[in-house]
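Here the structure is laid out as structure tokens; the discussion comes afterwards.
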Amino acid sequence: MDASSYSVFRKKKPNGRYRVIHVPSEELKEKQRAFLENEYRTGIGPGKYATGFVRKKSTKDHAVPHIGKAFVVEVDIKDCFHSVTRQMIMRAWVLEKLLPSEIESRAMNTKGMDWRKLPPPIGLLDIGLIERTDGSTFAPMGGVLSPHFANLVLKWLDFKIAVLLKRQFPNGDAAYTRYADNLVFSSDQKLIIPLAKYAVERIS
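The sequence shown begins at 156 in my numbering and counts up one residue at a time.
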């Protein structure tokens with residue numbers, strides 16, 4: 156879908172840079188909500204390490220595992236939503252073990268169709284992503300489906316990080332959580348600092 160169904164504005168961040176927000180029209184927003192509800196019903200979830208934009212979880216769930224730890228490392232993913240592409244989401248669905256037919260329906264090209272009449276999950280990607288003039292796509296910050304897409308794409312990263320920490324801290328003295336694009340690592344051992352850097356630079 157092109158950006159014509161969105162209102163676009165810039166929001167200034169504390170560092171002086173700007174965040175580009177795409178707000179879907181009310182009609183599109185309702186459609187995206189219906190598609191998101193359908194995804195929830197299928198059981199396609201973000202994984203246990205994600206705490207942002209996850210039902211029954213909040214910033215408290217993001218913070219509590221790190222309370223009292225001597226070393227806490229916080230890393231933000233730059234342009235997280237805008238970096239999520241159609242191809243990334245389709246790869247994530249393969250890892251979720253969706254059937255090829257299920258992926259095909261979600262990834263169906265809806266050009267020439269009336270998106271208002273599409274039943275979930277047909278055309279999910281076209282409903283939730285914005286297509287640039289060069290044909291590439293991204294998950295718009297402000298879109299209803301964008302947090303779901305981002306959590307799904309980053310789910311594999313969460314589990315790889317968790318495996319790394321369990322291997323390096325067999326006594327369980329390490330914690331990891333992610334709130335949208337904010338990754339937090341903690342431990343009473345200083346080793347967590349280089350490990351967090353390694354995890355973000357190498358695994359991702």
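C-beta: ideal position from N, C-alpha, C; glycine also.
Annotation: the stretch 196-233 contains the following complete segments of the beta strand (DSSP E) (minimum length 3 residues), in chain order: 226-231.
Within the model, the alpha-carbon separation for K233 versus R172 is close to 12 Å. Checking the DSSP bridge columns, you'll see K167 partnered with Y173.
Under DSSP, N337 forms a beta bridge with D231, Y334. Residues of the same chain with a CB within less than 8 Å of the CB of R165, apart from the 5 flanking positions on each side, are Y173, R174, V175, I176 in chain order. Judged by DSSP secondary structure, A351 falls within the alpha helix (DSSP H) whose first and last residues are 347-353. Two segments are said to touch when three or more pairs of C-beta atoms, one from each, lie closer than 8 Å; by this definition the stretch 266-286 touches the stretch 296-311. Shortest Cα-Cα distance from R287 to any of K184, R241, F340 involves R241.
If you ignore the 5 residues before and after G202, its C-beta comes within less than 6 Å of the C-beta of K310, D313, all in its own chain and listed in chain order. The C-alpha of A262 is placed about 15 Å away from the C-alpha of E251.
Shown here, V308 sits in a helix according to DSSP, grouped into three states. DSSP lists E286 as the beta-bridge partner residues of T292. One alpha carbon belongs to I199, the other to I348, and they sit about 32 Å apart.
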